[in-house]
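Down below is the structure, laid out as structure tokens.
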């Protein structure tokens with residue numbers, strides 16, 4: 009079946025085609041950027057969105073707590089939080105006791121909490137539900153993400169996003185689109201090593217390797233084309249990162265946890281004006297089927313301390329006005345705890361928005377505990393209306409093209 | 239990266255046995271392709287032997303492994319004995335990499351890796367090296383046999399029972415985690431069951447647990463009341479639920495699709511007509527895994543351009559292929575540490591879904607680390623790994639004729655690593671680099687042999703950084 013190269017190509021083109029890859033070629037990138045509308049629309053310049061994904065299904069009911077509702081304590085015999093420990097936001101609603109930093113930000117009106125967020129006919133598979141949140145589509149195929157689709161609509165030169173993750177961690181579906189978003193772990197890791205025995209030799213070696221992304225596309229199979237584009241992207245990113253200042257001192261101390269490290273990296277990249285509009289980070293571990301109390305409390309402690317440090321650092325550097333942080337999880341947990349001092353997969357949960365440009369306060373009522381759907385909280389706000397608000401009012405991208413028609417919410421300050 | 243659905247592949251042609259003809263000869267490319275999927279790439283000796291032996295004999299050998307498997311397994315089991323006491327996850331990882339690297343039956347290890355990703359149990363939660371090791375052995379025992387017994391055994395496996403909370407599933411307080419993943423990830427796939435099926439099936443596993451580090455049923459926690467699963471009512475226990483999943487034909491097509499992706503292509507999504515013959519056969523054979531794998535590896539489709547370099551090497555495949563093809567011997571503890579940041583930490587898959595694989599293996603960060611790993615493995619520069627590959631020794635071992643000429647040596651390396659299947663622009667770059675290497679000045683105390691050795695290492699590293707080398 010393997011003939012020489014030309015027949016191979018011919019049969020590849022004839023049989024399967026490179027159509028699926030053609031759209032994401034570098035030429036398309038330039039074309040899309042040049043044709044981008046909305047240059048003068050509100051939010052089309054410089055605003056930045058940082059998405060923090062709480063992976064595994066965060067227990068929203070023990071994050072934003074209706075502490076006066078007797079059904080709360082009744083449903084959570086071992087997991088309930090003591091009313092006296094809860095960080096009260098008003099007479100009925102409070103935050104988990106460890107969310108000290110977020111409670112302070114709430115008081116400064118830098119935190120908006122949207123309650124009861126979900127989507128119709130919630131799917132309780134981690135992966136399908138996550139795909140739904142990422143793609144902003146209720147049905148598959150989940151081939152691209154809401155942010156990935158948005159990148160092509162940004163003004164020229166600003167259409168990029170970064171996934172800040174573990175080395176080797178895949179970039180999320182949410183960022184998948186025609187423009188590739190790299191995953192970055194730390195500035196120091198992004199260096200192509202060379203073994204040359206002189207400086208010139210090392211330079212030669214690097215130059216030749218860096219050209220491997222530039223092989224002509226017409227000679228490639230489709231997957232090879234993908235690898236070549238990844239190579240090209242890699243080496244241009246490396247070059248950029250090599251250029252940015254390495255002496256970043258954060259204005260506030262960050263706590264010692266992985267989420268905080270990633271957010272600090274985001275702060276560095278924002279501060280050196282790398283030009284990205286989207287940063288995406290994940291905090292894993294929220295799938296608490298058993299022994300939830302300690303784990304959940306640790307996760308929320310990390311979340312609160314990391315977000316607070318990040319916000320304070322951005323503020324000290326004068327970026328807090330142009331950065332909005334969004335946190336979400338694929339679903340909440342079942343209202344009634346299970347017998348393993350844990351909770352099973354549920355539905356509606358709160359979403360946080362953080363930054364100097366958010367309205368602050370609670371949006372929407374807490375979902376009722378006396379009216380459940382098969383044991384799960386019922387949502388009243390579709391997550392896509394949060395996305396549409398962010399797209400229209402913050403990123404300057406027409407939301408109906410990305411997520412469909414959804415009413416904007418009062419989440420951001422009017423400018 | 240997008241997937242494409244193929245509508246025009248004739249299933250009868252696709253699954254018929256590949257027979258070399260003048261149009262589709264048995265060349266180095268086919269051999270290397272086969273060895274990339276069923277082994278860790280072909281080293282020079284394997285490449286030459288398979289060319290001579292032809293496809294049937296070569297595939298037979300890959301399916302059964304070379305002689306000496308039993309003795310090898312006894313030896314590595316002895317090596318594993320101290321793992322339990324040390325409770326050191328790193329050593330467990332290094333142990334498996336050692337087995338993968340040295341086993342006379344690499345396909346068995348590849349299948350063990352496949353099922354490790356399918357059942358995707360992580361020591362991050364299990365926190366018990368002994369249990370992780372025993373699950374690994376359990377999977378290896380079944381990896382090329384029948385799926386049914388494996389699924390039953392894995393349901394009772396202590397590491398799995400901790401991983402998916404079977405241990406805290408009791409009649410009064412059911413925990414749905416295992417029942418859900420049993421259906422969604424292990425046997426049927428999404429949309430083949432209802433939320434009600436999961437809740438009811440979960441009750442059938444109530445009372446399953448661990449006693450003295452082995453499977454045990456706690457009678458007092460069993461739920462023997464009637465349950466309704468897949469429309470049938472009965473006081474089912476867990477094994478009956480497993481059998482009900484296996485009875486469904488969708489289980490055979492779900493697994494066939496997953497194995498298709500694993501062996502054939504990351505991007506080609508088989509339509510129903512193409513997968514049907516595999517699924518039917520798999521179901522009829524009572525889920526005989528070796529039979530299904532054999533059909534795929536021998537097929538016309540496998541040796542067609544649709545599957546050629548149609549997969550991205552996983553980090554383990556990538557790392558092991560370098561070491562195997564260059565005939566190196568590396569310290570697997572250090573090796574494991576270097577593979578980790580590439581995105582595949584054995585015994586620690588990222589979620590219950592395992593590693594997504596495919597295009598997800600590559601991004602700016604991991605690609606760069608792959609280049610740097612190749613350098614570490616083939617040069618003398620990187621101090622992280624002490625026992626490295628020596629491409630110049632490899633050349634001396636296999637190359638007849640002049641070894642003092644760089645060009646023919648580079649041709650040999652490019653045949654070994656990429657079967658010389660490179661676009662013209664890449665060849666030009668290799669030429670340019672050779673020219674630079676020849677013309678540059680070397681330290682006065684380097685003799686001709688040292689210079690040649692350095693040049694070979696440098697060219698070998700360069701070839702391994704080519705995009706083609708990322709593909710399986």
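Residue numbers (the working numbering), protein chains in the order written: chain A, 9 to 423; chain B, 239 to 710.
We put the CB at the ideal spot given by N, CA and C, even for glycine.
Only a predicted model underlies this, so the values are computations on that prediction, with no experimental measurement involved.
Assigned secondary structure, residue i (DSSP; H/G/I helix, E/B strand, else coil)
{"i": "residue 115 of chain A", "result": "helix"}
{"i": "residue 549 of chain B", "result": "coil"}
{"i": "residue 608 of chain B", "result": "helix"}
{"i": "residue 462 of chain B", "result": "coil"}
{"i": "residue 633 of chain B", "result": "helix"}
{"i": "residue 701 of chain B", "result": "helix"}
{"i": "residue 522 of chain B", "result": "helix"}
{"i": "residue 269 of chain A", "result": "helix"}
{"i": "residue 202 of chain A", "result": "coil"}
{"i": "residue 29 of chain A", "result": "Low per-residue confidence applies at residue 29 of chain A: pLDDT is 28, beneath 50, and the placement is therefore not dependable, though the value from the model is reported in the following sentence. Of the three classes helix, strand and coil, the one that applies to residue 29 of chain A here is helix, per DSSP."}
{"i": "residue 573 of chain B", "result": "helix"}
{"i": "residue 363 of chain A", "result": "coil"}
{"i": "residue 536 of chain B", "result": "helix"}
{"i": "residue 542 of chain B", "result": "coil"}
{"i": "residue 426 of chain A", "result": "This structure leaves residue 426 of chain A out entirely; chain A is present only between 9 and 423."}
{"i": "residue 380 of chain B", "result": "helix"}
{"i": "residue 476 of chain B", "result": "helix"}
{"i": "residue 89 of chain A", "result": "coil"}
{"i": "residue 342 of chain B", "result": "coil"}
{"i": "residue 71 of chain A", "result": "coil"}
Supposed close pair residue i, residue j - CB separation, criterion 8 Å
{"i": "residue 656 of chain B", "j": "residue 704 of chain B", "result": "7 Å"}
{"i": "residue 537 of chain B", "j": "residue 336 of chain B", "result": "That pair is no contact at about 32 Å."}
{"i": "residue 60 of chain A", "j": "residue 394 of chain A", "result": "So it is not a contact: roughly 14 Å between Cβ atoms."}
{"i": "residue 380 of chain B", "j": "residue 370 of chain B", "result": "About 16 Å; that fails the 8 Å criterion."}
{"i": "residue 348 of chain B", "j": "residue 280 of chain B", "result": "Their Cβ separation, rounded to whole angstroms, is 14 Å, which puts residue 348 of chain B and residue 280 of chain B out of contact at 8 Å."}
{"i": "residue 433 of chain B", "j": "residue 300 of chain A", "result": "Actually they do not touch by this definition, with Cβ atoms about 21 Å apart."}
{"i": "residue 341 of chain A", "j": "residue 67 of chain A", "result": "4 Å"}
Per-residue contacts from residue i into chain A (C-beta, under 7 Å)
{"i": "residue 609 of chain B", "result": "200 and 217"}
{"i": "residue 696 of chain B", "result": "203 and 213"}
{"i": "residue 197 of chain B", "result": "Past the edges of chain B, shown from 239 to 710, lies residue 197 of chain B, and the structure says nothing about it."}
{"i": "residue 706 of chain B", "result": "232"}
Within chain B, the residues that residue i reaches when beta carbons sit closer than 8 Å
{"i": "residue 136 of chain A", "result": "428"}
{"i": "residue 352 of chain A", "result": "413, 414 and 415"}
Under 9 Å from the C-beta of residue i: neighbouring residues of chain A
{"i": "residue 454 of chain B", "result": "Correct list: empty, because the minimum Cβ distance to chain A is about 17 Å."}
{"i": "residue 550 of chain B", "result": "231, 234 and 235"}
{"i": "residue 591 of chain B", "result": "134 and 135"}
{"i": "residue 642 of chain B", "result": "Going along chain A, no residue has its Cβ under 9 Å from residue 642 of chain B, so there is no contact; the nearest lies around 19 Å."}
{"i": "residue 709 of chain B", "result": "229, 231, 232 and 235"}
Under 9 Å by beta carbon: chain B residues contacting residue i
{"i": "residue 298 of chain A", "result": "403, 405, 406, 413 and 415"}
Under 7 Å by beta carbon: chain B residues contacting residue i
{"i": "residue 348 of chain A", "result": "403, 406, 411 and 413"}
{"i": "residue 390 of chain A", "result": "Result: empty, since nearest Cβ-Cβ is about 21 Å, beyond 7 Å."}
Cross-chain neighbours of residue i in chain A, by beta carbon under 8 Å
{"i": "residue 692 of chain B", "result": "205"}
{"i": "residue 655 of chain B", "result": "Going along chain A, no residue has its Cβ under 8 Å from residue 655 of chain B, so there is no contact; the nearest lies around 14 Å."}
{"i": "residue 594 of chain B", "result": "178"}
{"i": "residue 574 of chain B", "result": "Within chain A, no residue comes near residue 574 of chain B; the closest Cβ sits about 13 Å away, beyond 8 Å."}
{"i": "residue 703 of chain B", "result": "217 and 220"}
With 8 Å as the limit, tell me which residues of the segment 493 to 523 of chain B have their beta carbon closer than that to any beta carbon of chain A; keep them in chain order. 504, 505 and 506
Curious, which full-length alpha helix (DSSP H) runs of at least 4 residues does the segment 243 to 309 of chain B contain? 249 to 253, 266 to 276 and 282 to 302
Using a Cβ-Cβ cutoff of 7 Å, what residues of the segment 387 to 410 of chain B are near chain A? List them in chain order. 403, 406, 408 and 410
Near-chain B residues of the segment 201 to 220 of chain A (beta-carbon distance less than 8 Å), N- to C-terminal order: 201, 202, 203, 204, 205, 206, 208, 209, 212, 213, 216, 217, 219 and 220
Which runs of the alpha helix (DSSP H) fall wholly inside the segment 402 to 449 of chain B and span at least 4 residues, in chain order? 415 to 419 and 433 to 442
My parser needs the beta strand (DSSP E) runs of 3 or more residues fully inside the segment 648 to 689 of chain B; what are they? none
May I ask you to list, following chain order, the residues of the segment 172 to 192 of chain A that have a beta carbon less than 7 Å from some beta carbon of chain B? 175, 176, 177, 178, 179, 190, 191 and 192
Alpha helix (DSSP H) runs contained entirely in the segment 133 to 175 of chain A, provided each spans 4 or more residues: 134 to 143 and 154 to 159
Check each residue of the segment 231 to 249 of chain A: if its Cβ is closer than 7 Å to any Cβ of chain B, include it; give the result in chain order. 231, 232, 234, 235, 236, 238, 239, 241, 242, 245 and 246
Along the segment 118 to 148 of chain A, where does the CB come closer than 8 Å to a CB of chain B? Name the residues. 132, 133, 134, 135 and 136
In chain order, which beta strand (DSSP E) runs of at least 3 residues are fully inside the segment 275 to 325 of chain A? 284 to 292
Could you run through the segment 661 to 677 of chain B and flag, in chain order, every residue whose CB is less than 9 Å away from some CB of chain A? 661, 662, 663, 664, 667, 668, 670, 671, 674 and 675
Using a Cβ-Cβ cut-off of less than 8 Å, list which residues of the segment 529 to 561 of chain B approach chain A; keep chain order. 538, 541, 542, 543, 544, 546, 547, 548, 549, 550 and 553
Just list the alpha helix (DSSP H) runs in the segment 347 to 416 of chain A, keeping only unbroken ones of 4 residues or longer that don't cross its boundaries, in chain order. 391 to 398 and 407 to 410
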